[in-house]
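Undergrad: Residues 4 to 116 (the working numbering) are what the sequence shown spells out, left to right. Backbone N, C-alpha and C define an ideal beta-carbon position, used for all residues, glycine too. On a predicted model such as this, the values are computed, not experimentally measured, just so you know. First the structure, which I've put down as structure tokens, then a few questions once you've had a look.
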Amino acid sequence: MKVVVYALAVGLALLGMIFVVAAGQGNAIARVVIGLVCLGAAGTLVALMRTKPTHHTHVHQLDLSGDVSLQEITCKQCGATLSEKSIKIAAGTVFVKCEFCSAEYQLEEAPKW
4 MKVVVYALAV
14 GLALLGMIFV
24 VAAGQGNAIA
34 RVVIGLVCLG
44 AAGTLVALMR
54 TKPTHHTHVH
64 QLDLSGDVSL
74 QEITCKQCGA
84 TLSEKSIKIA
94 AGTVFVKCEF
104 CSAEYQLEEA
114 PKW
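Below you can see the structure in the form of structure tokens.
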């Protein structure tokens, strides 16, 4: 995309220069105006391409059912305390991978009745 826009800007700049140089051959005001418009458009395209943000931010949200309270999570196999690095959300489900014993399992919500 950038290559196409920069090529278009170069083309407009060259066309603008041709019109400005050709102003000496007659009908000078119209040719100068057209040349300046082409040069201005080329400069605007370059300026817009340089100020355009190139990064994207993706936000993932998880809706939890019921009341949520903060608890310390321990591994079911080795009993080690798990950190936030151990928890991964995929396809709307919470997965846990222990950093110590490499056990992997799905975190399940216990029923409240």
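At which residue ranges does the stretch 31-104 contain complete alpha helix (DSSP H) runs of 4 or more residues, listed in the order of the chain?
TA: 31-54
Undergrad: Which value, in whole angstroms, describes the spacing of the CA atoms of Asp66 and Ile92?
TA: Across the structure, Asp66 and Ile92 are spaced so that their CA atoms are roughly 12 Å apart.
Undergrad: Under 8 Å Cβ to Cβ from Leu42, same chain only, skipping five residues before and after it: list those, please.
TA: Leu15, Ala16, Gly19, Met20 and Val23
Undergrad: Over what stretch of residues does the alpha helix (DSSP H) that includes Met4 continue unbroken?
TA: Taken as a continuous stretch (DSSP letters only), Met4 belongs to no alpha helix (DSSP H), as it is neither H nor E.
Undergrad: Is there contact between the stretch 100-116 and the stretch 72-83, where contact requires at least three CB pairs shorter than 8 Å?
TA: yes
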